[in-house]
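Below: the structure, in structure tokens.
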Amino acid sequence: MSNENPFNILKSDTPEVKKREAVKESDKTGELKERIERLINSAPIFLFMKGQPDFPQCGFSSNVIGLLDNLGIEYKTFDILSDMDIRQGVKDYANWPTYPQLWFKGQLLGGNDIISEMFHSGELEKMLKA
Amino acid sequence: MDFEVVENLIKETLVDAEVQVTDLTGTMDHLGITVTSKSFEGKMLIQQHQILMDILKPKLDSGEIHAVQLKTIVKP
């Protein structure tokens, strides 16, 4: 490889790249944790998903959206496909390897399997509407 | 991934566990795993699944298992 450091591109002067430099490498871990906590605490019911609620990019995300809408509750979503830092960061933060992830009052409730099971047992409605 | 290896791996941590493994895709790496154990008692589903995910993590990280569908049952 002629270019020894593939990350040299970050030093380029194009405006797009400058934007990405806003997060300093040294602050990244701490800042990422804060960002994640701000997100999950920004609404009582928060869903990390692939895509937007009106246009989910994955069958499991779509399924969870369907269940939440069925309960007629309000929730906030974040498209993890739009942000690689959040995508990896939330997995590490939650110690949970997949998406979607439904969070309730700052706690991870589960992914598609768990949410589906809780929906069918009636536990989900009881918990979210409490 | 040999089902017996998965079963033994889970039983190393959850000694009372009854484990059922099924092949979901015919490729032996997408596994349906049902575990019955007393150690799930009083825990939320997410915590029950997290116990299993922690046990299976090395196999998921190494790629020996690609995906799992978990079902946990509290042993009466």
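Chains as they are written, first to last, in this note's numbering: chain A, 326 to 455; chain V, 1397 to 1472. Don't be surprised by glycine CBs; every beta carbon is placed ideally from N, CA and C. Values in this document were obtained by computation on a predicted structure and should not be read as measured data.
Residue range of the alpha helix (DSSP H) that includes residue i
| i | result |
| --- | --- |
| Leu406/A | Leu406/A -> no alpha helix (DSSP H), and no H or E assigned at all. |
| Leu449/A | Glu448 to Leu453 |
| Asp1419/V | Looking at the DSSP string, Asp1419/V is not in any alpha helix (DSSP H); the run it does join, the beta strand (DSSP E), is Glu1414 to Asp1419. |
| Leu1448/V | Leu1441 to Ser1458 |
Proximity test, residue i beta-carbon vs the ligand GTP heavy atom, cut-off 6 Å
| i | result |
| --- | --- |
| Pro425/A | Here there are no bound small molecules, and the ligand GTP is not part of this structure. |
Residue environment, residue i, which counts as buried when at least 16 other CB atoms sit within 10 Å
| i | result |
| --- | --- |
| Gly397/A | exposed |
| Val1417/V | buried |
| Asp404/A | buried |
| Asn420/A | exposed |
Residues of its chain near residue i, where Cβ-Cβ distance is below 6 Å and the 5 sequence neighbours each way are ignored
| i | result |
| --- | --- |
| Lys1455/V | Ile1461 |
Spatial neighbours of residue i in its chain, beta-carbon cut-off 8 Å, leaving aside the 5 residues before and after
| i | result |
| --- | --- |
| Leu406/A | Lys375, Gly376, Gln382 and Arg412 |
| Lys454/A | Leu396 and Ile398 |
| Lys1434/V | Asp1412, Val1470 and Lys1471 |
Terminal residues of the beta strand (DSSP E) in which residue i lies
| i | result |
| --- | --- |
| Gly435/A | Gln432 to Gly435 |
| Gly1428/V | His1426 to Ser1433 |
| Leu427/A | Gln426 to Phe429 |
| Thr1468/V | Ala1463 to Val1470 |
Any chain V beta carbon closer than 7 Å to residue i
| i | result |
| --- | --- |
| Ile439/A | yes |
| Gly431/A | no |
| Gly435/A | yes |
Below-7 Å beta-carbon distance, residue i vs any chain A residue
| i | result |
| --- | --- |
| Ile1442/V | yes |
Nonlocal neighbours in the same chain, by C-beta distance under 7 Å from residue i, ignoring five residues either side
| i | result |
| --- | --- |
| Gln1444/V | Phe1436 and Thr1468 |
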